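In mature numbering (1 follows the signal peptide of the UniProt record, and there is no 0), the protein residues as written are -22 to -1, 1 to 101. Beta carbons are placed, not taken as given, at the ideal position from N, Cα and C, and that holds for glycine. Being a predicted model, the structure only gives us computed values, none of them experimental.
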């Protein structure tokens, strides 16, 4: 991967992250969807390095009243969980037990569907 492509991804994060605190539902859903696509293009090392920049806002959005926002957050967290595996668990301490259970269940289901094994078995 070229240095140029890496810069573009990290610049995109600089644009998306500040918008994760918006009150506008459509903007927030769109930004979280963009973030989900972007994290899938980062290496594990890049992703871990960037987690502190957006996880707090993502966790706040997980408590939003809008079910669409909460659902979008779940899928973003699930994609990160699948990418990082059990190494992501310590970062999830900010979630309630119900939220953590939801992310874990979806991550294992999607991992099972994609690879034939739950995350626990993949890591």
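What does the Cβ neighbour count give for residue 99, buried or exposed, with the cut at 16 atoms within 10 Å? With a pLDDT of only 47 at residue 99, under 50, the local geometry of the prediction cannot be trusted, and no value is derived from it.
Using a Cβ-Cβ cut-off of 6 Å (strictly less than) and excluding sequence neighbours within five positions of residue 49, which residues of its own chain qualify? Correct list: empty, nothing qualifies.
For the alpha helix (DSSP H) that contains residue 53, what are its first and last residues? That run of the alpha helix (DSSP H) goes 45 to 62.
Do residue 36 and residue 55 come within 9 Å of each other at the CB atom, strictly closer than that value? yes
With DSSP collapsed to three states, give me the class of residue 42. coil
Let's test the definition: count the other Cβ atoms within 10 Å of the Cβ of residue 27 and tell me whether it reaches 16, buried, or not, exposed. exposed
Determine the DSSP secondary structure at residue 79, reduced to helix, strand or coil. helix
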